[in-house]
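The sequence shown: position 156 = 155 (numbering that gives the first Met the number 0), numbered continuously.
What follows is a set of notes on a single structure, which appears directly below.
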Amino acid sequence: MCGVVAYTGFKEAYPILMSCLKRVEYRGYDSCGVALLDGGDVQSHKDVGAVDDLRSKLEHVSGATGIGHTRWATVGKPNKENAHPHLDCSGRIALVHNGDIDNFMALKDELIKQGHTFTSETDSEVISHLVERYYAGDLREAVIKAITHLEGSYALAVVAADFPGVVVVRKESPLVLGLGEHENFAASDAPALLEFTRRVVYLEDGDLAVLKPESVEIWRAGTRIELPVHQITWNVSELDRVGYPHFMLKEIHEQPRVIRDTLVGRISLTEPRADLPLAAHKPPARLIFIGCGTSYHAALLGQLFVSQISPMPAHAYVASEFDPLPSSLKDAWVVALTQSGETTDTINAIRRAKAAGAWTIGVTNVKESSITRVSDDMLYLQAGPEVSVAATKTFMAQLVAVYLLSLHLAPPPGQLGELIGELRSMPSKVQRLINSQSSIQALVKKLNAYDHLFLIARGINVPVAYEGALKLKEVAYLHAEGCAAGELKHGPFALLGQNTPVIALAPRDAQYPRMLTAIKEIKTRGSPVMAIAFSDDNDIGRYVDDVLTIPVAHGLFSPWLNTVALQLLTYYMAAARNLPIDKPRHLAKSVTVP
Ligand code: M6R
């Protein structure tokens, strides 16, 4: 899981490659590097650390054609040797790779026997030596021959000292071409190129392209093909922090707009009705939601929301654990949630769902991402680019999508008007919550004094407890566990005490009395308790040490507001701990390894 970029034109390639690399840094940031063609040589520079670290060490490298890479280590430790680009023995061929080569050990042994010398532990380096084996002046031919040996996934960009361009090829890893005037580009995703061009071409699995300043040739199975040119609609300003100290905070603040945009055109203006333009006409007998990480929590919320509004059976699975029996899903729709559209575990799960006979719907924020090629139908989120590794606004957009889908497929008689009305009111309620952050700041200091905490909830808020715990772990590096309130007494009680605070999600809904019971039991064990409760709840303060309030909402929508409160709490806790909020250690935004 890495980011690759390439440029060929008449300008200095180095600053362009660095800008593009910054945009794909969310895909990995333990090391990075570039290789440029300069006066008949390949100049390669790489190091451990992020793109800005390399930029600060390397003022300028000249050349008008080059490739770049930012790495999230899979095979081989994150060190300078394993960073990309990887060169052949002569140092005249360089390549960058995103993906995994499953048979690299066998290939490496074979190449070593043939006299090739390796300088890294990576799987990627075998590819540069394979290209070397076949290179006789035609880089396209050499790459085609090299990839016939590869088992696994790859998006490759390759240069050779005496070849006037870049050869790129993909299989199961994303790759986009950018078309310019007297210059052309490639990158792992389209936003990386937005600063330089809006005209992009999405390569399919197996496609290879030869980029030169004045031409782009695309090849599929040995034949020249033309592919449609798409216009990117996102604005470059959406990729900047615009005054916010971190993307995470900016993206949390964007959520009222995200809810509005994801609703547009999907709820009827005249009647209480959710309208989704779905391709399948026969409604399902049951719904299955799948996803990973935060997207799995949205899947759980989908399952619980459907169960609360209709008798339609609904289930949620972690995508990597979803393995249905053949033909067992002929009456089901599988709704796959993935903000990036690239998560390998989710994409593989969709393939298994289809093999089991399900109709599949992909829900993603990224147009033309890999999920669009494996799903029967698509539902797009309208969150705009999310840069921070922690999913915030895309989670919110997923909630909008699963609620809309549920209301569309399983409309609850007698309740639809009220629920659609509440949907419409959510942007302003989320905005009010974002505007009232003073009580959050006071709690940050208190909670930051601990090393562990529990988040508890009941009913539809249980997935929010899980999501809050995930955010605290990944962004604030705090060990947090989400738990159904009733489960604490079945084991975790042993960990309670004055050093283990508990955050209780306690909206005044049908579960409220039982939540108060759980809170009392926890207080008896000595744990400090903080509640997140409705702003009109004047009782809760009697049972807990601190209260964070959220606007009053329908019980089924309290998860949206609890989510925002926990996002803000996490953000400010991480900021007080001075952590790299947008790029937490060891993580990457798009997880393209199984
Ligand atoms: O792109 P996806 O929604 O498929 O990503 C799934 C997870 O990798 C992702 O939600 C991850 O858990 C985030 N870092 C959470 O903030």
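We treat Cβ as the ideally placed atom computed from N, Cα and C, and that holds for glycine.
One or two residues paired with residue i in a DSSP bridge
i, result
"residue 1", "Its beta-bridge partners do not exist; DSSP assigns none."
"residue 360", "334, 376"
"residue 37", "40"
"residue 151", "100"
"residue 45", "32"
"residue 529", "502, 545"
"residue 6", "65, 184"
"residue 95", "156"
"residue 230", "198"
"residue 496", "499"
"residue 454", "481, 502"
"residue 85", "94"
"residue 273", "266"
Nearest-angstrom beta carbon gap, residue j and residue i [assumed within contact, 8 Å]
i, j, result
"residue 116", "residue 85", "Contact flag wrong, Cβ pair sits at about 12 Å."
"residue 395", "residue 562", "7 Å"
"residue 452", "residue 479", "5 Å"
"residue 13", "residue 33", "7 Å"
"residue 462", "residue 299", "4 Å"
"residue 97", "residue 0", "7 Å"
"residue 273", "residue 378", "Not quite, the Cβ-Cβ distance comes to about 12 Å (not below 8 Å), so this is no contact."
"residue 547", "residue 442", "6 Å"
"residue 70", "residue 83", "6 Å"
"residue 360", "residue 571", "Actually they are not in contact, since the Cβ atoms of residue 360 and residue 571 sit about 36 Å apart, beyond 8 Å."
"residue 564", "residue 432", "6 Å"
"residue 504", "residue 567", "Wrong, their Cβ atoms sit about 14 Å apart, outside the cutoff."
"residue 472", "residue 520", "With 8 Å as the limit, residue 472 and residue 520 do not qualify as a contact, their Cβ atoms being about 25 Å apart."
"residue 507", "residue 533", "5 Å"
"residue 211", "residue 163", "6 Å"
"residue 142", "residue 130", "6 Å"
Delimiting residues of the alpha helix (DSSP H) encompassing residue i
i, result
"residue 285", "Looking at the DSSP string, residue 285 is not in any alpha helix (DSSP H); the run it does join, the beta strand (DSSP E), is 285 to 290."
"residue 344", "343 to 354"
"residue 434", "415 to 434"
"residue 467", "461 to 475"
"residue 399", "392 to 408"
"residue 222", "Taken as a continuous stretch (DSSP letters only), residue 222 belongs to no alpha helix (DSSP H), being part of the beta strand (DSSP E) at 222 to 224."
"residue 251", "246 to 252"
"residue 564", "557 to 575"
"residue 442", "437 to 446"
"residue 521", "511 to 523"
"residue 243", "Careful: residue 243 lies outside any alpha helix (DSSP H) and carries neither H nor E."
"residue 133", "124 to 133"
"residue 52", "50 to 56"
"residue 21", "12 to 22"
Start-to-end residues for the beta strand (DSSP E) that takes in residue i
i, result
"residue 210", "207 to 211"
"residue 214", "214 to 219"
"residue 601", "For residue 601 there is no data in the structure shown, the boundaries of the chain being 0 and 593."
"residue 480", "478 to 483"
"residue 183", "183 to 186"
"residue 64", "64 to 70"
"residue 313", "313 to 317"
"residue 201", "198 to 201"
"residue 145", "Element bounds for residue 145: not the beta strand (DSSP E) but the alpha helix (DSSP H), 138 to 146."
"residue 170", "165 to 170"
"residue 178", "175 to 178"
Close Cβ partners of residue i (< 6 Å) along its chain, the five nearest in sequence each way excluded
i, result
"residue 150", "101, 102"
"residue 128", "87, 110, 115"
"residue 465", "296, 481"
"residue 255", "426, 429, 430"
"residue 530", "503, 505, 539, 543, 546"
"residue 104", "none"
"residue 382", "257, 364, 392, 393, 396"
"residue 37", "61, 62"
Same chain, Cβ closer than 7 Å to residue i, neighbours up to 5 away in sequence not counted
i, result
"residue 156", "3, 5, 66, 94, 95, 165, 167, 185"
"residue 271", "415, 416, 419"
"residue 302", "288, 313, 314, 315"
"residue 22", "190, 191, 238"
"residue 170", "152, 153, 204, 205"
"residue 492", "524"
"residue 374", "335, 349, 359, 360, 361"
"residue 436", "567"
Other residues of its chain near residue i: CB distance less than 8 Å, five sequence neighbours each side excluded
i, result
"residue 78", "30, 47"
"residue 357", "287, 323, 328, 329, 331, 332, 333"
"residue 423", "262, 266"
"residue 371", "340, 361, 363, 377"
- For the ligand M6R, list every residue whose C-beta falls under 5 Å from any of its heavy atoms, going in chain order. Working through the chain, the matches are 291, 292, 293, 294, 337, 338, 339, 342, 389, 390, 590.
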